[in-house]
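The letter at position 42 of the sequence shown is residue 42 when you use this note's numbering, and the numbering goes up by one with no holes. Only one structure is covered here, and it is reproduced in the block below.
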Amino acid sequence: EIMPSLVGSEMCIRDRVLIAFYLPMRRAEILNLKWEEIDFKSNFIRLGGDRTKNKKVRSIPLHPKVAAYLKKLPRPIKGGFIFSSRRWRRKSYVKAVKAAELGNFTFHDLRHCAVTNMADAGIAPETIMKIVGHSSIEMFLRYRTIKAENLDAAMSSLNTLITQRQSASRQVSEIFTVL
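Below is the structure:
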């Protein structure tokens, strides 16, 4: 829902939104992304410790849509920054959010979306934490959004388990009464 709304926005933010939606990167990490940090052969973005908030090296797997987009961009022979302008266009972003009727949806919320989407895809929390750069489960849980349908599914699964156990328990009871 969020992605199509924001990607239809102004070109000066569209590419940054695309990357932020699919990859759990911070705004500064995206704006200052260099060609040398992208490894198309192994499909990773590799950020040095000087480029991350917690000063630790981080490897971020490239989502196929981000890789396809980046491969279409012109690359200077000597490398350098991916985006010629590394200035954040806040007004353009706010305008796009307003047009998409997303309320108070910040750029950083896209990082939360990426984490939630990875968790919903079944990726193990430890793997997500490594990709995102979280060193504690508490921080990971702050970023992970649990949707109402996930809660409903959890209760449904619990109900199924209890029903199966009750059925098995009755069967065992019946066996012992026969003996």
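Even for Gly, the Cβ is constructed at its ideal location relative to N, Cα and C.
How is residue i classed by DSSP in three states: helix, strand or coil?
i: Phe21; result: helix
i: Lys95; result: helix
i: Ile77; result: coil
i: Lys130; result: helix
i: Ile123; result: coil
i: Ile38; result: strand
For a quick check, are the C-beta atoms of residue i and residue j less than 9 Å apart?
i: Leu62; j: Ile30; result: no
i: Asn159; j: Phe81; result: no
i: Phe40; j: Lys72; result: no
i: Ala114; j: Leu23; result: yes
i: Phe105; j: Arg27; result: no
i: Gly103; j: Glu36; result: no
i: Ile13; j: Arg111; result: no
Since residue i is in the beta strand (DSSP E), which residue starts that stretch and which ends it?
i: Leu47; result: Phe44 to Leu47
i: Ile60; result: Arg58 to Pro61
Roughly how many whole angstroms lie between the Cα atoms of residue i and residue j?
i: Arg75; j: Ser85; result: 15 Å
i: Leu141; j: Glu126; result: 11 Å
i: Lys95; j: Ser167; result: 57 Å
i: Ile45; j: Phe83; result: 15 Å
How is the alpha helix (DSSP H) around residue i delimited, first residue to last?
i: Ile30; result: Arg27 to Leu31
i: Leu110; result: Asp109 to Asp120
i: Pro64; result: Pro64 to Lys72
Query raised in the report: Contact between the stretch 121 to 136 and the stretch 38 to 58: three or more CB pairs below 8 Å?
Result: yes
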